[in-house]
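Asks: Sharing a structure with you now.
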Amino acid sequence: MDTDQGESIHFWQTAPLAGVELLSARYIEHRFAPHVHDGYVIGMIMAGGK
1 MDTDQGESIH
11 FWQTAPLAGV
21 ELLSARYIEH
31 RFAPHVHDGY
41 VIGMIMAGGK
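Residues 1 to 50 in the UniProt record's numbering are what the sequence shown lists, from first letter to last.
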């Protein structure tokens, strides 16, 4: 994980996972309103709470 204490987001795609979008983020204060996605989403919280 980054040593920077700020928020960050990295979004990418890779050829071996064609059609899969990848996202790695560090949210500290940002909050999302309840919402849906038009595809499957797999999430993992590495630290903190949801």
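Note that beta-carbon positions come from the ideal geometry of N, C-alpha and C, so glycine has one too.
Every value quoted in this text rests on a predicted model; they were computed, and no experiment measured them.
#1: Span of the beta strand (DSSP E) holding Ala25?
#2: Val36 to Ala47, Cα distance in whole Å?
#3: Among the residues of its own chain, which have a CB less than 6 Å from the CB of Phe11, if the five just before and after it don't count?
#4: Along the chain, where does the beta strand (DSSP E) containing Ile9 start, and where does it finish?
Replies: The short version:
#1: Indexing the sequence shown from 1 puts residue 25 at position 25. Counting along the chain, the unbroken beta strand (DSSP E) around Ala25 starts and ends at Leu22 to Arg26.
#2: Here residue 36 refers to the residue found at position 36 of the sequence shown. Here residue 47 refers to the residue found at position 47 of the sequence shown. Computed Cα separation, rounded: 23 Å.
#3: As a first step, residue 11 is located in the sequence shown; it is residue number 11 there, counting from the start. So the qualifying residues of the chain are Leu23.
#4: Position 9 of the sequence shown, counted from the first residue, corresponds to residue 9. Ile9: member of the beta strand (DSSP E) spanning Ser8 to Trp12, first to last residue.
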